[in-house]
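Here the sequence shown stands for residues 0 to 462, numbered as in numbering that gives the first Met the number 0.
Beta carbons are placed, not taken as given, at the ideal position from N, Cα and C, and that holds for glycine.
Heads up: the structure comes next, in C-alpha coordinates.
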Amino acid sequence: MAKKTSFPDQPILALPGLYELAKPRPQTCDAGKLGYHWKLGQPLPSLGRHSVAKHDIYGTYVDRYVTTLTKRHVQSRLKMTIIDGFCGGGVYSLGGEIVQGSPLRLLEAINAARATLTLRRSDFDLDVDFVFIDENRDHIAFLRDELVKNGYGALLDSKIRLMQMPFEDAAPEVIKAIKAKGRAHHSLFFLDQYGWSDVRLATVRQIMAELANPEVVLTFMVDALINLLNDKKSSLSALAAIDYGREDVRALLEIKDQYGSKGWKRAIQNTVYRHILGHTGASFYTPFFVHPSESHRDYWLIHLSKHHQAREEMGNVFWETNNTMEHFGGPGFDALGFDPDVDVRQGMMDYLFDDDAAERSKKHLLEQIPPMLHDEWTSGRPITKRSLFISRANDTPVVGKLVDSQLAELRNAGEIVILGKRRARGSNDVVTSVRARASNFDWDDTIQFPRQRKLFSIMTRAA
0 MAKKTSFPDQ PILALPGLYE LAKPRPQTCD AGKLGYHWKL GQPLPSLGRH
50 SVAKHDIYGT YVDRYVTTLT KRHVQSRLKM TIIDGFCGGG VYSLGGEIVQ
100 GSPLRLLEAI NAARATLTLR RSDFDLDVDF VFIDENRDHI AFLRDELVKN
150 GYGALLDSKI RLMQMPFEDA APEVIKAIKA KGRAHHSLFF LDQYGWSDVR
200 LATVRQIMAE LANPEVVLTF MVDALINLLN DKKSSLSALA AIDYGREDVR
250 ALLEIKDQYG SKGWKRAIQN TVYRHILGHT GASFYTPFFV HPSESHRDYW
300 LIHLSKHHQA REEMGNVFWE TNNTMEHFGG PGFDALGFDP DVDVRQGMMD
350 YLFDDDAAER SKKHLLEQIP PMLHDEWTSG RPITKRSLFI SRANDTPVVG
400 KLVDSQLAEL RNAGEIVILG KRRARGSNDV VTSVRARASN FDWDDTIQFP
450 RQRKLFSIMT RAA
(Lines of atoms letter the chains of each structure in order from A and count residues from 1; the text may use other names and numbers.)
(Lines give C-alpha, C1' and ligand atoms only; values in the text may rest on other atoms or scores of the structure.)
Protein backbone atom coordinates (compact mmCIF):
# COMPACT_ATOMS: atom_id res chain seq x y z
CA MET A 1 0.00 0.00 0.00
CA ALA A 2 1.41 3.34 -0.97
CA LYS A 3 0.78 6.16 1.45
CA LYS A 4 0.47 9.40 -0.47
CA THR A 5 0.66 12.95 0.73
CA SER A 6 0.06 15.91 -1.56
CA PHE A 7 1.60 19.33 -1.13
CA PRO A 8 0.60 22.79 -2.39
CA ASP A 9 1.46 23.69 -5.95
CA GLN A 10 3.86 26.49 -5.04
CA PRO A 11 7.56 26.83 -5.83
CA ILE A 12 10.24 25.80 -3.38
CA LEU A 13 13.46 27.29 -4.70
CA ALA A 14 16.53 25.16 -5.26
CA LEU A 15 19.82 25.62 -3.51
CA PRO A 16 22.25 25.90 -6.43
CA GLY A 17 24.85 23.17 -6.58
CA LEU A 18 23.16 21.16 -3.83
CA TYR A 19 19.68 20.14 -4.85
CA GLU A 20 17.79 19.86 -8.11
CA LEU A 21 14.22 20.87 -7.43
CA ALA A 22 11.35 21.25 -9.82
CA LYS A 23 7.95 22.44 -8.66
CA PRO A 24 6.59 20.27 -5.82
CA ARG A 25 5.18 16.92 -6.76
CA PRO A 26 3.25 14.51 -4.52
CA GLN A 27 5.59 12.56 -2.27
CA THR A 28 5.00 8.91 -1.62
CA CYS A 29 5.95 6.95 1.45
CA ASP A 30 5.28 3.26 1.81
CA ALA A 31 3.50 2.83 5.13
CA GLY A 32 3.95 -0.92 4.87
CA LYS A 33 7.69 -0.38 5.04
CA LEU A 34 7.94 2.76 7.15
CA GLY A 35 5.14 1.87 9.53
CA TYR A 36 2.99 -1.20 10.17
CA HIS A 37 0.40 -3.08 8.16
CA TRP A 38 -2.68 -5.05 9.23
CA LYS A 39 -5.00 -7.26 7.22
CA LEU A 40 -7.62 -9.71 8.42
CA GLY A 41 -6.27 -13.25 8.22
CA GLN A 42 -2.64 -12.09 7.96
CA PRO A 43 0.13 -12.20 10.64
CA LEU A 44 0.32 -9.28 13.03
CA PRO A 45 3.04 -6.65 12.59
CA SER A 46 5.82 -6.72 15.19
CA LEU A 47 5.79 -3.81 17.64
CA GLY A 48 9.03 -1.88 18.07
CA ARG A 49 10.34 -1.17 21.56
CA HIS A 50 10.15 2.56 20.90
CA SER A 51 6.39 2.19 20.34
CA VAL A 52 5.94 0.32 23.63
CA ALA A 53 7.43 3.32 25.43
CA LYS A 54 5.20 5.69 23.51
CA HIS A 55 2.02 3.74 24.29
CA ASP A 56 2.97 3.70 27.98
CA ILE A 57 3.23 7.48 27.90
CA TYR A 58 -0.18 7.76 26.20
CA GLY A 59 -1.88 5.66 28.86
CA THR A 60 -0.19 7.40 31.77
CA TYR A 61 -1.01 10.84 30.43
CA VAL A 62 -4.69 10.03 29.88
CA ASP A 63 -4.92 9.03 33.55
CA ARG A 64 -3.27 12.29 34.67
CA TYR A 65 -5.47 14.28 32.28
CA VAL A 66 -8.71 12.90 33.72
CA THR A 67 -7.48 13.22 37.32
CA THR A 68 -6.51 16.86 36.81
CA LEU A 69 -9.78 17.86 35.14
CA THR A 70 -12.02 16.15 37.70
CA LYS A 71 -10.56 17.61 40.90
CA ARG A 72 -13.18 20.33 41.25
CA HIS A 73 -16.03 19.06 43.43
CA VAL A 74 -18.55 21.47 41.89
CA GLN A 75 -18.10 19.63 38.61
CA SER A 76 -20.19 16.53 37.92
CA ARG A 77 -19.42 15.87 34.26
CA LEU A 78 -16.42 15.97 31.94
CA LYS A 79 -16.92 15.92 28.19
CA MET A 80 -13.82 15.08 26.21
CA THR A 81 -12.73 13.64 22.88
CA ILE A 82 -9.70 11.43 22.20
CA ILE A 83 -8.43 11.33 18.63
CA ASP A 84 -5.90 8.78 17.36
CA GLY A 85 -4.91 10.20 13.98
CA PHE A 86 -2.86 7.18 12.80
CA CYS A 87 -4.61 4.39 14.67
CA GLY A 88 -3.55 1.26 12.75
CA GLY A 89 -5.15 -2.10 13.46
CA GLY A 90 -5.04 -2.00 17.24
CA VAL A 91 -2.88 -5.04 18.11
CA TYR A 92 0.69 -6.17 17.49
CA SER A 93 3.03 -9.06 18.03
CA LEU A 94 5.80 -8.58 20.59
CA GLY A 95 8.08 -11.40 21.65
CA GLY A 96 5.54 -14.03 20.60
CA GLU A 97 2.73 -12.33 22.52
CA ILE A 98 -0.21 -10.27 21.28
CA VAL A 99 -0.07 -6.73 22.68
CA GLN A 100 -2.47 -3.83 22.38
CA GLY A 101 -1.84 -0.81 20.18
CA SER A 102 -2.78 2.79 20.86
CA PRO A 103 -6.58 2.55 20.24
CA LEU A 104 -7.10 -0.22 22.78
CA ARG A 105 -4.57 1.28 25.19
CA LEU A 106 -6.47 4.60 25.10
CA LEU A 107 -9.81 2.88 25.65
CA GLU A 108 -8.43 0.91 28.59
CA ALA A 109 -6.84 4.04 30.06
CA ILE A 110 -10.25 5.73 30.12
CA ASN A 111 -11.86 2.59 31.60
CA ALA A 112 -9.26 2.59 34.39
CA ALA A 113 -9.65 6.33 34.98
CA ARG A 114 -13.44 5.96 35.12
CA ALA A 115 -13.17 3.12 37.66
CA THR A 116 -10.84 5.18 39.87
CA LEU A 117 -13.06 8.23 39.54
CA THR A 118 -16.14 6.22 40.50
CA LEU A 119 -14.53 5.34 43.83
CA ARG A 120 -14.25 9.06 44.60
CA ARG A 121 -17.28 10.41 42.78
CA SER A 122 -19.94 7.78 42.12
CA ASP A 123 -22.20 10.38 40.51
CA PHE A 124 -19.56 11.70 38.08
CA ASP A 125 -20.23 11.36 34.33
CA LEU A 126 -17.03 10.87 32.30
CA ASP A 127 -18.35 11.42 28.77
CA VAL A 128 -15.63 10.42 26.30
CA ASP A 129 -15.85 10.14 22.52
CA PHE A 130 -13.14 8.32 20.58
CA VAL A 131 -12.18 8.98 16.97
CA PHE A 132 -9.81 6.48 15.32
CA ILE A 133 -8.47 7.54 11.94
CA ASP A 134 -6.45 5.62 9.35
CA GLU A 135 -6.40 6.02 5.58
CA ASN A 136 -5.91 2.28 4.99
CA ARG A 137 -9.14 0.32 4.58
CA ASP A 138 -7.53 -2.91 5.80
CA HIS A 139 -6.37 -1.20 8.99
CA ILE A 140 -9.84 0.13 9.78
CA ALA A 141 -11.46 -3.26 9.05
CA PHE A 142 -8.92 -4.98 11.30
CA LEU A 143 -9.44 -2.46 14.11
CA ARG A 144 -13.24 -2.77 13.90
CA ASP A 145 -12.89 -6.55 14.28
CA GLU A 146 -10.59 -6.14 17.29
CA LEU A 147 -12.92 -3.65 18.96
CA VAL A 148 -15.80 -6.12 18.66
CA LYS A 149 -13.64 -8.93 20.03
CA ASN A 150 -12.68 -6.76 23.01
CA GLY A 151 -16.27 -5.92 23.92
CA TYR A 152 -16.52 -2.46 22.38
CA GLY A 153 -18.93 -3.40 19.58
CA ALA A 154 -21.91 -1.64 21.16
CA LEU A 155 -19.98 1.66 21.20
CA LEU A 156 -19.06 1.59 17.51
CA ASP A 157 -20.57 4.42 15.46
CA SER A 158 -21.74 6.14 18.65
CA LYS A 159 -18.99 6.75 21.25
CA ILE A 160 -16.34 5.18 19.02
CA ARG A 161 -16.04 6.51 15.48
CA LEU A 162 -13.81 4.96 12.82
CA MET A 163 -12.75 7.18 9.90
CA GLN A 164 -11.02 5.74 6.86
CA MET A 165 -9.14 8.71 5.40
CA PRO A 166 -5.89 10.64 5.90
CA PHE A 167 -5.79 12.59 9.13
CA GLU A 168 -5.41 15.84 7.18
CA ASP A 169 -8.74 15.19 5.45
CA ALA A 170 -10.48 14.14 8.66
CA ALA A 171 -9.29 17.05 10.83
CA PRO A 172 -11.91 19.68 9.82
CA GLU A 173 -14.78 17.27 10.50
CA VAL A 174 -13.27 16.21 13.84
CA ILE A 175 -12.85 19.84 14.92
CA LYS A 176 -16.47 20.54 13.98
CA ALA A 177 -17.70 17.56 16.03
CA ILE A 178 -15.69 18.68 19.09
CA LYS A 179 -17.20 22.15 18.84
CA ALA A 180 -20.70 20.67 18.67
CA LYS A 181 -20.10 18.82 21.94
CA GLY A 182 -19.85 21.98 24.04
CA ARG A 183 -17.80 25.07 24.71
CA ALA A 184 -14.90 23.57 26.68
CA HIS A 185 -13.52 21.55 23.73
CA HIS A 186 -11.47 19.23 25.96
CA SER A 187 -9.64 17.09 23.41
CA LEU A 188 -6.50 14.99 23.09
CA PHE A 189 -5.00 14.47 19.62
CA PHE A 190 -2.48 11.61 19.44
CA LEU A 191 -0.72 12.05 16.10
CA ASP A 192 1.79 9.23 15.79
CA GLN A 193 2.86 9.85 12.21
CA TYR A 194 5.14 7.46 10.35
CA GLY A 195 7.92 9.99 9.79
CA TRP A 196 7.91 13.77 10.03
CA SER A 197 5.72 15.15 7.20
CA ASP A 198 2.37 13.32 7.45
CA VAL A 199 0.96 16.03 9.75
CA ARG A 200 1.03 19.56 8.39
CA LEU A 201 1.87 22.28 10.90
CA ALA A 202 -0.95 24.29 9.37
CA THR A 203 -3.40 21.64 10.60
CA VAL A 204 -1.99 21.81 14.13
CA ARG A 205 -2.36 25.59 13.99
CA GLN A 206 -5.99 25.14 13.00
CA ILE A 207 -6.60 22.82 15.97
CA MET A 208 -5.00 25.31 18.37
CA ALA A 209 -6.83 28.28 16.86
CA GLU A 210 -10.35 26.82 16.69
CA LEU A 211 -10.57 24.80 19.90
CA ALA A 212 -10.58 26.17 23.44
CA ASN A 213 -8.71 23.34 25.21
CA PRO A 214 -6.96 21.07 22.73
CA GLU A 215 -3.77 19.13 23.37
CA VAL A 216 -1.69 17.56 20.63
CA VAL A 217 0.87 14.78 21.14
CA LEU A 218 2.92 14.70 17.94
CA THR A 219 5.73 12.29 17.14
CA PHE A 220 8.45 13.54 14.83
CA MET A 221 11.28 11.41 13.43
CA VAL A 222 14.19 13.82 13.52
CA ASP A 223 16.66 11.34 12.07
CA ALA A 224 14.52 10.93 8.95
CA LEU A 225 14.53 14.70 8.38
CA ILE A 226 18.27 14.93 8.98
CA ASN A 227 18.87 12.10 6.52
CA LEU A 228 16.88 14.01 3.91
CA LEU A 229 18.92 17.16 4.48
CA ASN A 230 22.09 15.10 4.24
CA ASP A 231 21.10 13.50 0.92
CA LYS A 232 21.99 15.88 -1.91
CA LYS A 233 19.88 13.88 -4.37
CA SER A 234 16.66 14.18 -2.38
CA SER A 235 13.75 16.46 -3.18
CA LEU A 236 12.85 18.87 -0.41
CA SER A 237 9.24 19.37 -1.42
CA ALA A 238 8.09 17.47 1.68
CA LEU A 239 9.44 20.32 3.78
CA ALA A 240 6.36 22.30 2.76
CA ALA A 241 4.43 20.23 5.32
CA ILE A 242 6.42 21.81 8.15
CA ASP A 243 6.59 25.28 6.59
CA TYR A 244 10.22 25.17 5.57
CA GLY A 245 11.48 27.24 2.67
CA ARG A 246 14.75 27.86 0.92
CA GLU A 247 16.37 30.08 3.56
CA ASP A 248 15.42 27.71 6.38
CA VAL A 249 17.13 24.84 4.60
CA ARG A 250 20.19 26.92 3.82
CA ALA A 251 20.52 27.82 7.51
CA LEU A 252 20.35 24.14 8.52
CA LEU A 253 23.01 23.19 6.00
CA GLU A 254 25.26 25.97 7.26
CA ILE A 255 24.90 24.58 10.79
CA LYS A 256 25.88 21.16 9.49
CA ASP A 257 28.96 22.58 7.75
CA GLN A 258 29.94 24.52 10.87
CA TYR A 259 29.78 21.72 13.40
CA GLY A 260 30.84 18.68 11.41
CA SER A 261 30.03 15.15 12.45
CA LYS A 262 30.18 15.59 16.26
CA GLY A 263 27.72 18.38 16.87
CA TRP A 264 25.57 19.04 13.82
CA LYS A 265 22.76 16.59 14.62
CA ARG A 266 22.26 18.10 18.05
CA ALA A 267 22.44 21.65 16.66
CA ILE A 268 19.93 20.90 13.92
CA GLN A 269 17.58 19.16 16.34
CA ASN A 270 17.59 22.15 18.67
CA THR A 271 17.02 24.49 15.73
CA VAL A 272 14.23 22.50 14.07
CA TYR A 273 12.24 22.11 17.29
CA ARG A 274 11.98 25.89 17.69
CA HIS A 275 10.76 26.17 14.11
CA ILE A 276 8.12 23.49 14.62
CA LEU A 277 6.87 24.95 17.89
CA GLY A 278 6.82 28.47 16.48
CA HIS A 279 4.48 27.35 13.70
CA THR A 280 1.88 25.49 15.80
CA GLY A 281 0.25 28.28 17.80
CA ALA A 282 0.68 26.41 21.09
CA SER A 283 1.47 28.38 24.25
CA PHE A 284 3.10 25.48 26.10
CA TYR A 285 5.06 22.48 24.96
CA THR A 286 7.44 19.68 25.94
CA PRO A 287 9.79 18.78 23.07
CA PHE A 288 11.75 15.82 24.43
CA PHE A 289 12.98 12.56 22.98
CA VAL A 290 11.81 8.99 23.34
CA HIS A 291 14.87 6.77 23.35
CA PRO A 292 14.34 3.29 24.87
CA SER A 293 17.60 1.51 25.64
CA GLU A 294 16.53 -1.46 23.49
CA SER A 295 15.91 0.70 20.40
CA HIS A 296 18.16 2.66 18.04
CA ARG A 297 15.34 4.96 16.91
CA ASP A 298 15.14 8.48 18.32
CA TYR A 299 12.10 10.67 17.90
CA TRP A 300 10.49 13.68 19.47
CA LEU A 301 7.34 13.28 21.46
CA ILE A 302 6.11 16.85 21.21
CA HIS A 303 3.24 17.78 23.53
CA LEU A 304 1.44 21.01 22.61
CA SER A 305 -1.19 22.78 24.70
CA LYS A 306 -2.66 26.12 25.72
CA HIS A 307 -2.34 25.77 29.50
CA HIS A 308 0.67 25.46 31.76
CA GLN A 309 -0.98 22.74 33.87
CA ALA A 310 -1.13 20.48 30.80
CA ARG A 311 2.58 21.07 30.23
CA GLU A 312 3.22 20.33 33.92
CA GLU A 313 1.36 17.02 33.81
CA MET A 314 3.16 15.81 30.68
CA GLY A 315 6.46 16.84 32.25
CA ASN A 316 5.63 14.70 35.27
CA VAL A 317 4.88 11.76 32.96
CA PHE A 318 8.35 12.09 31.45
CA TRP A 319 9.93 11.94 34.90
CA GLU A 320 7.85 8.86 35.71
CA THR A 321 9.00 7.09 32.53
CA ASN A 322 12.62 8.17 32.98
CA ASN A 323 14.18 5.10 31.37
CA THR A 324 12.80 6.08 27.97
CA MET A 325 13.02 9.88 27.87
CA GLU A 326 15.97 12.19 27.22
CA HIS A 327 16.79 15.65 25.95
CA PHE A 328 19.79 17.40 24.48
CA GLY A 329 20.32 20.39 26.72
CA GLY A 330 21.02 21.72 30.18
CA PRO A 331 19.45 20.81 33.53
CA GLY A 332 17.68 24.03 34.54
CA PHE A 333 15.73 26.90 32.99
CA ASP A 334 16.63 28.02 29.46
CA ALA A 335 17.90 24.51 28.82
CA LEU A 336 16.93 24.08 25.19
CA GLY A 337 17.42 25.90 21.94
CA PHE A 338 20.47 26.79 19.91
CA ASP A 339 22.81 29.75 20.29
CA PRO A 340 24.99 30.20 17.18
CA ASP A 341 27.64 31.93 19.31
CA VAL A 342 28.06 28.93 21.63
CA ASP A 343 29.60 25.62 20.62
CA VAL A 344 26.71 23.17 20.85
CA ARG A 345 29.12 20.42 21.89
CA GLN A 346 30.00 22.20 25.16
CA GLY A 347 27.99 21.77 28.34
CA MET A 348 25.76 19.08 26.87
CA MET A 349 25.43 16.01 29.08
CA ASP A 350 23.07 13.08 28.78
CA TYR A 351 19.81 14.02 30.49
CA LEU A 352 17.64 10.97 31.05
CA PHE A 353 15.04 12.25 33.56
CA ASP A 354 16.56 10.07 36.28
CA ASP A 355 17.78 10.72 39.84
CA ASP A 356 21.09 12.11 38.60
CA ALA A 357 19.27 14.52 36.28
CA ALA A 358 17.00 15.61 39.13
CA GLU A 359 19.96 16.41 41.39
CA ARG A 360 21.71 18.34 38.61
CA SER A 361 18.51 20.30 37.98
CA LYS A 362 18.10 21.16 41.66
CA LYS A 363 21.69 22.40 41.88
CA HIS A 364 21.24 24.53 38.77
CA LEU A 365 17.91 25.93 39.97
CA LEU A 366 19.47 26.97 43.27
CA GLU A 367 21.87 29.13 41.23
CA GLN A 368 19.20 30.44 38.84
CA ILE A 369 16.26 31.24 41.14
CA PRO A 370 17.87 33.93 43.38
CA PRO A 371 18.73 36.35 40.53
CA MET A 372 15.30 35.70 38.99
CA LEU A 373 13.62 36.60 42.28
CA HIS A 374 15.83 39.66 42.72
CA ASP A 375 14.94 40.95 39.24
CA GLU A 376 11.23 40.50 39.97
CA TRP A 377 11.46 42.23 43.36
CA THR A 378 13.41 45.12 41.84
CA SER A 379 10.62 45.67 39.33
CA GLY A 380 8.10 45.95 42.17
CA ARG A 381 5.90 43.16 40.85
CA PRO A 382 4.47 40.57 43.29
CA ILE A 383 6.08 37.17 42.79
CA THR A 384 4.22 33.88 42.81
CA LYS A 385 5.36 30.40 41.95
CA ARG A 386 3.24 30.83 38.82
CA SER A 387 4.97 34.03 37.68
CA LEU A 388 8.41 32.58 38.46
CA PHE A 389 7.90 29.32 36.61
CA ILE A 390 5.26 29.70 33.90
CA SER A 391 7.13 32.11 31.64
CA ARG A 392 10.11 29.74 31.71
CA ALA A 393 8.23 26.44 31.58
CA ASN A 394 8.73 25.51 27.93
CA ASP A 395 12.47 25.37 27.34
CA THR A 396 13.29 23.24 30.34
CA PRO A 397 12.95 19.67 31.65
CA VAL A 398 12.10 21.17 35.06
CA VAL A 399 8.66 20.56 36.60
CA GLY A 400 6.93 22.24 39.53
CA LYS A 401 8.07 19.81 42.22
CA LEU A 402 11.74 20.54 41.40
CA VAL A 403 11.07 24.27 41.75
CA ASP A 404 9.26 23.56 45.03
CA SER A 405 12.26 21.72 46.43
CA GLN A 406 14.57 24.67 45.84
CA LEU A 407 12.09 27.27 47.05
CA ALA A 408 11.85 25.23 50.26
CA GLU A 409 15.65 25.15 50.43
CA LEU A 410 15.83 28.95 50.18
CA ARG A 411 13.03 29.33 52.71
CA ASN A 412 14.72 26.99 55.20
CA ALA A 413 17.94 29.00 54.82
CA GLY A 414 16.06 32.17 55.75
CA GLU A 415 16.48 33.71 52.29
CA ILE A 416 12.78 33.97 51.40
CA VAL A 417 9.32 33.76 52.96
CA ILE A 418 6.49 31.93 51.20
CA LEU A 419 2.87 32.89 51.85
CA GLY A 420 -0.23 30.91 50.96
CA LYS A 421 -3.97 31.43 51.14
CA ARG A 422 -6.32 29.08 52.96
CA ARG A 423 -9.83 29.09 54.36
CA ALA A 424 -10.06 29.96 58.03
CA ARG A 425 -11.28 27.12 60.23
CA GLY A 426 -15.01 27.26 60.75
CA SER A 427 -15.69 29.97 58.14
CA ASN A 428 -15.43 30.77 54.45
CA ASP A 429 -12.98 33.62 55.02
CA VAL A 430 -9.68 33.35 53.16
CA VAL A 431 -6.60 34.16 55.21
CA THR A 432 -2.93 34.48 54.32
CA SER A 433 -0.44 32.41 56.28
CA VAL A 434 3.27 31.70 56.22
CA ARG A 435 4.09 28.33 54.70
CA ALA A 436 6.90 27.53 57.11
CA ARG A 437 7.10 23.76 56.72
CA ALA A 438 5.34 22.94 53.44
CA SER A 439 7.31 21.06 50.80
CA ASN A 440 4.82 21.60 47.97
CA PHE A 441 3.50 25.00 46.96
CA ASP A 442 0.44 26.23 45.09
CA TRP A 443 0.83 28.17 41.85
CA ASP A 444 -0.45 31.35 43.51
CA ASP A 445 1.65 31.18 46.68
CA THR A 446 3.64 34.43 46.97
CA ILE A 447 7.38 34.72 47.53
CA GLN A 448 8.78 37.62 49.57
CA PHE A 449 11.98 38.85 51.21
CA PRO A 450 12.07 38.21 54.97
CA ARG A 451 11.64 41.34 57.11
CA GLN A 452 15.11 40.86 58.53
CA ARG A 453 17.54 39.97 55.78
CA LYS A 454 20.63 37.89 56.37
CA LEU A 455 23.96 39.71 56.44
CA PHE A 456 25.53 37.32 53.98
CA SER A 457 22.61 36.53 51.70
CA ILE A 458 22.37 34.65 48.43
CA MET A 459 19.89 37.33 47.38
CA THR A 460 22.41 40.09 48.05
CA ARG A 461 24.98 38.31 45.90
CA ALA A 462 22.35 37.88 43.19
CA ALA A 463 21.87 41.63 42.89
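DSSP places Ser432 in the uninterrupted beta strand (DSSP E) bounded by Val429 to Val433. In the DSSP annotation of this structure, Tyr91 is not part of any alpha helix (DSSP H); the continuous beta strand (DSSP E) holding it starts and ends at Val90 to Leu93.
Counting of Cβ neighbours within 10 angstroms places Val90 among the buried residues, the total reaching 16 or more. Per DSSP, the beta bridge partners of Thr80 are Asp128 and Ser186. According to the DSSP assignment, Leu351 belongs to no alpha helix (DSSP H), since it is labelled neither H nor E.
Partner residues in the beta bridge of Arg422, as assigned by DSSP, are Val429.
Segment contact: the stretch 125-143 against the stretch 72-82, three or more CB-CB distances shorter than 8 angstroms; contact assigned. Between Asp333 and Lys384, the gap from beta carbon to beta carbon reaches 9 angstroms or more. Assignment of alpha helix (DSSP H) within the stretch 271-320, counting only whole runs of 4 or more residues, yields 307-319 in chain order. Glu96 is classed as exposed because its beta carbon has fewer than 16 other beta carbons within 10 Å across all chains shown.
Short of 6 angstroms from the beta carbon of Glu214, and not among the five residues preceding or following it, lie these beta carbons of its own chain, in chain order: Leu187, Ser304 and Ala309. Using a Cβ distance threshold of 9 angstroms, Thr218 and Val147 do not count as a contacting pair. Runs of the beta strand (DSSP E) lying entirely within the stretch 344-412 and spanning at least 3 residues, in chain order: 348-350. Looking at Glu209, Val216 and Val203, the one whose alpha-carbon comes closest to that of Asp191 is Val216.
Its chain contains Arg359, Ser360 and His363 as the residues whose beta carbon lies nearer than 6 angstroms to that of Pro330, once the 5 sequence neighbours on both sides are disregarded; these appear in chain order. The alpha carbon of Ile241 has as its nearest neighbour, out of Thr279, Thr395 and Thr323, the alpha carbon of Thr279.
Secondary structure at Pro171: helix, using DSSP grouped into helix, strand and coil.
Take Val61, set aside five residues on each side of it, and the residues of its chain with a beta-carbon closer than 8 angstroms to its own are Ile81, Leu105, Ala108, Ile109, Ala112 and Leu187, in chain order. Under the DSSP assignment, Val61 falls in the alpha helix (DSSP H) whose first and last residues are Arg48 to Leu68. Segment contact: the stretch 148-157 against the stretch 172-183, fewer than three CB-CB distances shorter than 8 angstroms; contact not assigned. Rounded to the nearest whole angstrom, the C-alpha separation of Val73 and Arg422 is 17 angstroms. Cα atoms of Ser282 and His306: separation of roughly 7 angstroms, rounded to the nearest angstrom. Collapsing the DSSP output to three states places Pro330 in coil. Residue pairing of Phe219 in beta bridges, as defined by DSSP: Trp299.
C-alpha of Phe129 to C-alpha of Ser236: approximately 33 angstroms in a straight line. The Cβ atoms of Gly88 and Pro44 lie closer than 9 angstroms to each other. Classified as buried, Pro369 has 16 or more neighbouring CB atoms from the shown chains inside 10 Å of its CB. In this structure, Thr395 lies away from Ala52, with their beta-carbon atoms at least 9 angstroms apart. A straight line joining the alpha-carbon of Arg63 with that of Met371 spans about 30 angstroms.
Closest in C-alpha terms to Ser196, from the list Tyr35, Ala223, Leu39 and Leu46, comes Ala223.
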